Amino acid sequence: MRGQAFARWGGGLENGKGTVTTDGGALLKTPFCPASQLGESPGATPEELLAAAHAVSFSLALVRELGALEIEPHSIHTTVTVTPARQAQDGSAAQLHVDVSARVPGVDPLDFERAAGNARNAWQTSLPFTGRLSFRVNLNAW
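Residue 498 is where the sequence shown ends in the numbering used here, and the numbering goes up by one at each step.
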């Protein structure tokens, strides 16, 4: 299955504005403009959209790996933070931080670690990202 998004823009960089819509309807004419990136106007930023895509992608990779072990998670909460290169504290390339918390009742922690490692490896190989990556996974196995 493939996905598409459509961005429409009108006007110049200073005073223009645009919307982004996904063919699946997750985003429907969501506004964006340069002021959104500065936090001066509501709307999506490229960093937020990238973070959302990676959060969904990793969550599904982890569910897939757990399913291969016949383990069904109660919940997975994935937070992805994207820091563009222009804001990176150490002057490095863009930064991507992934923080995952999973509630998987009765799972053997070693099985979970193996599934999370496999998910991370599969997910990382599909990343169109070359900056610094940090990663943290927490398991609540009750």
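Cβ coordinates follow ideal geometry from the N, Cα and C atoms, glycine included.
In this text the structure is predicted, and so the values were computed from the model without any measurement.
Residues sharing a beta bridge with Gly374, DSSP: Trp365, Phe388
beta-carbon Thr386 near the ligand SAM non-hydrogen atom, thresh 7 Å: With respect to the ligand SAM, the structure offers nothing, as it holds no ligand at all.
Sequence-distant residues of the same chain with beta carbon closer than 7 Å to Ala472, five excluded per side: Leu418, Val493
Extent of the continuous beta strand (DSSP E) run through Ala360: Note on identity: in this sequence residue 360 is Gln, with Ala being the wrong assignment. Counting along the chain, Gln360 falls outside any beta strand (DSSP E), and DSSP gives it neither H nor E.
Touching by the beta-carbon criterion (3+ pairs, under 8 Å), the stretch 461 to 469 and the stretch 432 to 439: no
Element boundaries [alpha helix (DSSP H), containing Thr481]: 465 to 481
Selection from Ile427, Leu483, Gly380, Thr375 that minimises the alpha carbon distance to Pro387: Thr375
Range of the contiguous beta strand (DSSP E) that encloses Val436: 431 to 439
Bounding residues of the beta strand (DSSP E) (the contiguous stretch that carries Ala458): 451 to 459
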